[in-house]
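Following our numbering, the numbering of the sequence shown begins with 148 at its first residue and continues without gaps. By construction, the Cβ of each residue, glycine as well, lies at the ideal position given by its N, Cα and C atoms. A quick write-up on the structure given underneath.
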Amino acid sequence: MLIFDFDGVLHDSRERAWSAYQTVRGEMELWELPDLAGPGELPLIYRGVLSQSLTRWIPYETAERFWQRHARLTDLTAGKEERGVIPDLVGILGELASGPGYGIVTGSHRTTVDRLLRRDLDTEAMPRILLTRDEDGNKTLKLQLLQRQQGATAYVGDTGSDVRHARAAGLRAIAVSYGYADIADLTTAGPDLVLHTPAELATWCHSPRPIGLWSRRSAAGR
């Protein structure tokens, strides 16, 4: 089974993430954090291991509170999004759902992801499993669980942190460069493959034997 991150992979939330970042920075008066001019500057903070990405400027405990508040604010403002799933990916998610299935492991709240998915997906096209920040454990632990219980073999993410979680869980690491991080952050983490557009991701998923999608055997037999 193929596992996706949500924000930056299946859904373009960069504008909302930037707005929430700026709002929480002001609410918490964390003026030492960079003042981002727009979504295009998000790679400045989405760099390396995400849980430690802000510790270049603020203590770890403060950064944790920042991200918790950020996640809650992005959940509250999700209803303002014009789109749910990126259009180029709606069809392939339906195909995966009717075939081997797919899952989502994300740092967003369940209510956010479920609400946005249902804007564009029928019930039959929804993920077989969805693990969010509302469940215990980090992404590595959740991916390991899906590897054992669902046969997960690959994780598609948009940050170097996602790549590292995939590798730590023993999964293939597929990165997309159209999300939150820049290409340098992604390649430094060492993904198995980098895809540059949603259309490329959809095409890769359509392949008879994309890395780790249909089965471990097919991946080994390439």
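Answer with buried or exposed for residue i, where buried requires no fewer than 16 other C-beta atoms within 10 angstroms of its C-beta.
{"i": "residue 158", "result": "buried"}
{"i": "residue 221", "result": "buried"}
{"i": "residue 193", "result": "buried"}
{"i": "residue 196", "result": "exposed"}
{"i": "residue 253", "result": "buried"}
{"i": "residue 250", "result": "buried"}
{"i": "residue 155", "result": "buried"}
{"i": "residue 283", "result": "exposed"}
{"i": "residue 321", "result": "buried"}
{"i": "residue 326", "result": "buried"}
{"i": "residue 295", "result": "exposed"}
Which whole-angstrom value describes the C-beta separation of residue i and residue j, a residue pair presumed to lie in contact below a C-beta threshold of 8 Å?
{"i": "residue 150", "j": "residue 288", "result": "No, residue 150 and residue 288 are not in contact; Cβ-Cβ is about 13 Å, not under 8 Å."}
{"i": "residue 190", "j": "residue 315", "result": "So it is not a contact: roughly 22 Å between Cβ atoms."}
{"i": "residue 207", "j": "residue 199", "result": "7 Å"}
{"i": "residue 319", "j": "residue 344", "result": "With 8 Å as the limit, residue 319 and residue 344 do not qualify as a contact, their Cβ atoms being about 20 Å apart."}
{"i": "residue 236", "j": "residue 348", "result": "7 Å"}
{"i": "residue 107", "j": "residue 324", "result": "The shown model of the chain, from 148 to 369, leaves out residue 107, and the question about it has no answer."}
From this set, the options, which residue's C-alpha is nearest residue i's C-alpha?
{"i": "residue 227", "options": "160, 247 and 215", "result": "160"}
{"i": "residue 232", "options": "189, 266 and 180", "result": "266"}
{"i": "residue 302", "options": "296, 290 and 295", "result": "290"}
{"i": "residue 223", "options": "285, 187, 198 and 164", "result": "164"}
{"i": "residue 259", "options": "272, 225, 280 and 174", "result": "225"}
{"i": "residue 273", "options": "257, 207, 240 and 208", "result": "240"}
{"i": "residue 175", "options": "209, 148 and 248", "result": "209"}
{"i": "residue 313", "options": "285, 347 and 296", "result": "285"}
{"i": "residue 280", "options": "217, 205, 248 and 311", "result": "217"}
{"i": "residue 187", "options": "166, 276, 171 and 298", "result": "166"}
{"i": "residue 257", "options": "278, 351 and 311", "result": "278"}
{"i": "residue 248", "options": "148, 353 and 350", "result": "148"}
{"i": "residue 229", "options": "255, 263, 203 and 205", "result": "263"}
{"i": "residue 234", "options": "202, 346, 350 and 275", "result": "346"}
{"i": "residue 213", "options": "255, 203 and 168", "result": "168"}
{"i": "residue 219", "options": "255, 172, 270 and 276", "result": "255"}
Between which two residues does the alpha helix (DSSP H) carrying residue i extend?
{"i": "residue 218", "result": "207-223"}
{"i": "residue 184", "result": "Run containing residue 184: none; DSSP gives neither H nor E here."}
{"i": "residue 237", "result": "234-245"}
{"i": "residue 171", "result": "161-174"}
Starting from residue i, trace the beta strand (DSSP E) in both directions and tell me its first and last residue.
{"i": "residue 337", "result": "Element bounds for residue 337: n/a, residue is neither H nor E."}
{"i": "residue 127", "result": "The question about residue 127 has no answer here: the residues shown for the chain are numbered 148 through 369."}
{"i": "residue 304", "result": "301-304"}
{"i": "residue 250", "result": "249-252"}
{"i": "residue 278", "result": "276-278"}
At least 3 beta-carbon pairs within less than 8 Å: the stretch 331-346 vs the stretch 295-310: Yes: the two stretches touch, three or more of their Cβ pairs being nearer than 8 Å.
Three or more C-beta pairs below 8 Å linking the stretch 229-249 and the stretch 174-181: no
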